[in-house]
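Numbering (our numbering), first residue to last: 313 to 591.
From the three backbone atoms N, C-alpha and C, an ideal C-beta is built for every residue, glycine too.
Please read these numbers as outputs of a predicted model, since none were measured by experiment.
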Ligand code: G1P
């Protein structure tokens, strides 16, 4: 049974400077909701109510977002604006939030290892809020938790990317065991297009078995001099213990300006303009 979801949220978000100079990139809004809230809502939909953040310096706004804001709430109480806080209040009331800090930027693998104190010895999910997934009948994590309950091994979300983009992703190879589900046997972090063994990329949704922490402790820095989660999961894959899942839905790379704008347009067009038309 999976109860916990870890959110690595220590990165600087340099691609969005100057917006991210004094504000965490996870708080950038897609229309009117911060990216991180979309992620937490996806976790809740999957039944994961223990939310852990691996944060860092300058990320206090995340903690404040998932807490009561007495003065503001008192001010708007009883006015028409009060309903604008319903969603976030709902999120807060359904979850517990825990925080730990990554003091050095040593890669995603290191961030996840830093989260060990919040997770303990149980399987858990990891969600990278930059990868915003929308438009499936069900959220991607909910789809993956269902698979975990059948297969009891690590599961990574996959998507085909254009060949010339492989250097931005973890890339996998494996054998299809049923439509959309592969047993992964090879993984490589950010290969150049000419070296990439496929164009099947890892998207920021993982379910990991807790032995990953022991593997991470022994994982040497990989590409970019960082401890890569891909390298640690590759160790589990060598033992046949990793499934890759081509999820249903649409992913927006909100770590890039283009993806961020696309997501903004998508959410506006599907949610807001329709609401206007209806209202
Ligand atoms: C991370 C992972 C990479 C994965 C990607 C998905 O990279 O290291 O394997 O494909 O997330 O968004 P990052 O985007 O943090 O550089």
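Would you identify the three-state DSSP class for residue 321, choosing helix, strand or coil? In the chain shown, residue 321 corresponds to position 9, counting from 1. Correct three-state label for residue 321: coil.
With a threshold of 16 other CB atoms inside 10 Å of the CB of residue 323, please say whether the residue is buried or exposed. Locating residue 323 in the chain shown gives position 11, where the first residue counts as 1. The residue in question, residue 323, is buried, as its Cβ has 16 or more Cβ neighbours within 10 Å.
Since residue 408 and residue 361 should fall inside the 8 Å C-beta cutoff, what is the C-beta to C-beta distance between them, to a whole number of angstroms? In the chain shown, counting from the first residue as 1, residue 408 sits at position 96. In the chain shown, counting from the first residue as 1, residue 361 sits at position 49. So it is a contact: roughly 7 Å between Cβ atoms.
Rounded distance between the beta-carbons of residue 511 and residue 549, thought under 8 Å: Translated into positions along the chain shown, residue 549 becomes position 237. Translated into positions along the chain shown, residue 511 becomes position 199. Contact between residue 549 and residue 511 is absent: CB atoms are separated by about 18 Å, not below the 8 Å threshold.
Using a Cβ-based criterion (distance less than 7 Å to any ligand heavy atom), does residue 420 qualify as near the ligand MG? Ligands in the displayed structure: the ligand G1P; the ligand MG is not one of them.
Pick out whichever of 350, 421, 403 and 376 has its Cα sitting closest to the Cα of residue 540. Residue numbering aside, residue 540 sits at position 228 when the chain shown is read from its first letter. Of the listed residues, the one whose Cα sits closest to residue 540 is 421.
When you compare each of 566, 489 and 406 to residue 352 by their alpha carbons, which one comes out closest? Locating residue 352 in the chain shown gives position 40, counting from the first residue. Considering only alpha carbons, the answer is 406.
Under the assumption that residue 440 contacts residue 318 (Cβ atoms under 8 Å), give the Cβ distance between them as a whole number of angstroms. Stepping through the chain shown from its first residue, residue 440 is reached at position 128. Stepping through the chain shown from its first residue, residue 318 is reached at position 6. Not quite, the Cβ-Cβ distance comes to about 10 Å (not below 8 Å), so this is no contact.
Label residue 326 either buried or exposed according to how many other C-beta atoms from any shown protein chain fall within 10 Å of its C-beta, with 16 as the threshold for buried. Against the chain shown, residue 326 aligns to sequence position 14. Under this definition residue 326 is an exposed residue.
Counting only beta-carbon separations shorter than 8 Å, does residue 371 have a partner in chain C? In the structure shown, chain C does not exist; there is a single protein chain.
Given that a residue counts as buried once 16 or more other Cβ atoms are within 10 Å of its Cβ, and exposed if not, what is residue 399? On the chain shown, position 87 is the one that residue 399 refers to. It is exposed - the Cβ of residue 399 has fewer than 16 other Cβ atoms within 10 Å.
Using 8 Å as the Cβ pair cut-off and three pairs as the minimum, do the region 465-485 and the region 376-388 touch? No: the two stretches stay apart, fewer than three of their Cβ pairs being nearer than 8 Å.
At what residues does the beta strand (DSSP E) containing residue 411 begin and finish? The residue you call residue 411 lines up with position 99 of the chain shown. Unbroken beta strand (DSSP E) run through residue 411: 408-413.
Between the region 529-546 and the region 354-369, can you find at least three pairs of beta-carbon atoms closer than 8 Å? no
Whole runs of the alpha helix (DSSP H) within the region 339-405, excluding any shorter than 4 residues: Runs found: 347-357, 372-377 and 382-388.
Taking the runs of the alpha helix (DSSP H) that are 4 residues or longer, which of them lie wholly in the region 462-511? none
Best match in 442, 423 and 460 for proximity to residue 435 [C-alpha to C-alpha]: The sequence position of residue 435 within the chain shown is 123, counting from 1. It is 460.
Between the beta-carbon of residue 553 and the beta-carbon of residue 410, is there less than 8 Å? Position 241 of the chain shown holds residue 553. Position 98 of the chain shown holds residue 410. No, Cβ-Cβ distance for residue 553 and residue 410 is not below 8 Å.
Within 8 Å, strictly: CB atoms of residue 492 and residue 542: As a first step, residue 492 must be located in the chain shown, where it is residue number 180. As a first step, residue 542 must be located in the chain shown, where it is residue number 230. Against a cut-off of 8 Å, the Cβ pair of residue 542 and residue 492 comes out as no contact.
So, at 7 Å on beta carbons, what are the nonlocal neighbours of residue 591 in its own chain, with the 5 sequence-adjacent residues on each side left out? Here residue 591 is taken as the residue at index 279 of the chain shown, counted from 1. Any answer about residue 591 is weak, because its pLDDT of 46 lies below 50 and its placement is not dependable; what the coordinates show is given next. The answer is none, since no qualifying residue turns up.
Three-state secondary structure (DSSP) at residue 333? In the chain shown, the residue the question calls residue 333 occupies position 21. If DSSP states are grouped into helix, strand and coil, residue 333 belongs with coil.
Using the Cα positions of residue 494 and residue 456, report the straight-line distance between them to the nearest angstrom. Taking the chain shown and counting its residues from 1, one reaches residue 494 at position 182. Taking the chain shown and counting its residues from 1, one reaches residue 456 at position 144. Straight-line Cα distance between these residues: approximately 13 Å.
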